[in-house]
Structure formats: C-alpha cells, structure tokens
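*Asks:* Final position of the sequence shown in this note's numbering is 124; the numbers increase by one with none missing. Just so it is clear, CB atoms sit at the ideal spot from N, CA and C, and this is done for glycine as well. No experiment lies behind these values; they were computed from the predicted model shown.
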Amino acid sequence: MTASEEVLLELERQGWEALSSSQGGAYYREHLTDNALMAFPFGVLTRAETIDAMESAPPWESFEINDSRIVGLTVDSGVLIYRVAARRAGEEQYSAVISSTFVRRQGAWKLAFHQQSPESSTV
C-alpha cells in the first residue's frame with residue numbers, strides 16, 4: 002500500500018469514527034469538496050445536505066472496514082472501494098460495498114464523491 006493509499010483509508014476510517022461519536026457533521030464540513038455528492042440507497046445528497054444529515058444521524062455503535070482497494074486515477078485523485086459492516090444501537094447490522102473518490106486540493110485530500118451499495122445475497 003502506498004502512502005497515498007494509507008492516507009485515503011485513514012481518512013475514511015476517521016469519517017466512520019466521527020459518525021460513531023456524533024461528530025460527522027463537523028468532520029464532513031472540513032473534508033468534503035465544495036461540489037461533493039453522496040449517493041445513498043435513499044437518494045443523492047449535496048455537500049450541504051450531507052452535512053445536515055450527518056449532524057442529525059444517530060451514531061454508529063461499531064464499524065469494521067474490510068477488503069479495501071484503491072484505484073489511482075491521477076497523482077491527485079483516487080477511488081477507495083471497501084466493504085463495511087456497521088451497527089447502530091438496537092438496529093440490524095448494515096453491510097455495504099462503498100466507494101469514495103478523493104481529490105487532493107492545495108495539498109489536502111478531500112472527499113468528492115461517496116456511494117453506498119447495501120450488500121445482498123442475490124445478484
């Protein structure tokens with residue numbers, strides 16, 4: 002794993018940790034590009050909508066990132082793909098395949114696009 006790959010995976014982990022401690026809004030306010038989009042099973046959110054949603058979301062009780070892979074697009078962009086298993090108190094486990102596209106702007110990595118596809122046992 003290259004230094005950039007480690008940085009992207011760590012940024013993603015930090016996002017999940019922020020969402021686990023009710024700090025998701027603050028984290029994504031700092032780490033999203035101005036034109037970022039997030040695609041969830043319920044719809045697509047803009048940067049502002051994402052921050053609002055993360056500020057009011059119940060915290061994750063636990064999460065585990067597995068099977069991570071990186072596709073380098075340029076020296077200043079890449080896509081992180083992984084599986085996550087996460088759980089909120091009193092809820093069933095959420096399992097998804099996730100992709101996050103990062104771009105480096107003025108020396109800092111920012112999240113430009115994020116998509117969650119819930120895992121299914123059927124194709």
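1. On the three-state DSSP scale, how would you describe arginine 89?
2. At what residue ranges does the stretch 24-52 contain a whole run of the alpha helix (DSSP H), taking only runs of 4 or more?
3. Sort Val76, Ser57, Arg106, Ser96 by Cα distance to isoleucine 66 and report the nearest one.
4. Label alanine 19 either buried or exposed according to how many other C-beta atoms from any shown protein chain fall within 10 Å of its C-beta, with 16 as the threshold for buried.
5. Can you give me the Cβ contacts of arginine 105 inside the same chain, cut-off strictly under 6 Å, excluding the 5 residues immediately before and after it?
6. Can you give the beta carbon distance from leucine 38 to lysine 111, rounded, assuming they're within the 8 Å contact cut?
7. Going by Cα to Cα distance, which pick from Ser100, Arg70, Gln24 is closest to methionine 55?
8. Rounded to whole angstroms, how far is the Cβ of phenylalanine 64 from the Cβ of valine 85, which I believe are closer than 8 Å?
9. Judging by CA-CA distance, which residue of Arg89, Arg30, Val80 is the nearest neighbour of serine 5?
10. Which residue's Cα is closest to the Cα of aspartate 68: Tyr28, Ser100, Gly91?
11. Leaving out five residues before and five after arginine 30 in sequence, what residues of the same chain have Cβ atoms less than 8 Å from its Cβ?
*Replies:* Taking the definition as stated:
1. As a working mapping, residue 89 is identified with position 88 in the sequence shown. Correct three-state label for arginine 89: coil.
2. 25-32
3. By one-based count along the sequence shown, residue 66 stands at place 65. Ranking Val76, Ser57, Arg106, Ser96 by Cα distance to isoleucine 66 puts Ser96 first.
4. Along the sequence shown, read from residue 1 onward, the residue named residue 19 stands at position 18. Its Cβ being crowded by 16 or more others within 10 Å, alanine 19 is buried.
5. The count along the sequence shown starts at 1 and reaches residue 105 at position 104. Same-chain partners within the cutoff: Asp77.
6. Position 37 of the sequence shown, counted from the start, is the residue given in the question as residue 38. Position 110 of the sequence shown, counted from the start, is the residue given in the question as residue 111. Contact doesn't hold; Cβ gap of about 13 Å is too wide.
7. Sequence index remark: in the sequence shown, residue 55 carries index 54 (1-based). Nearest C-alpha to methionine 55: Gln24.
8. As a working mapping, residue 64 is identified with position 63 in the sequence shown. As a working mapping, residue 85 is identified with position 84 in the sequence shown. Right, their Cβ atoms sit about 6 Å apart.
9. Start at 1 with the first residue of the sequence shown, and residue 5 comes out as number 4. Nearest of Arg89, Arg30, Val80 to serine 5, Cα basis: Val80.
10. Here residue 68 corresponds to residue number 67 of the sequence shown, with the count starting at 1. With distances taken between Cα atoms, aspartate 68 lies closest to Ser100.
11. In the sequence shown, the residue the question calls residue 30 occupies position 29. Excluding sequence neighbours, arginine 30 sits near Ile52.
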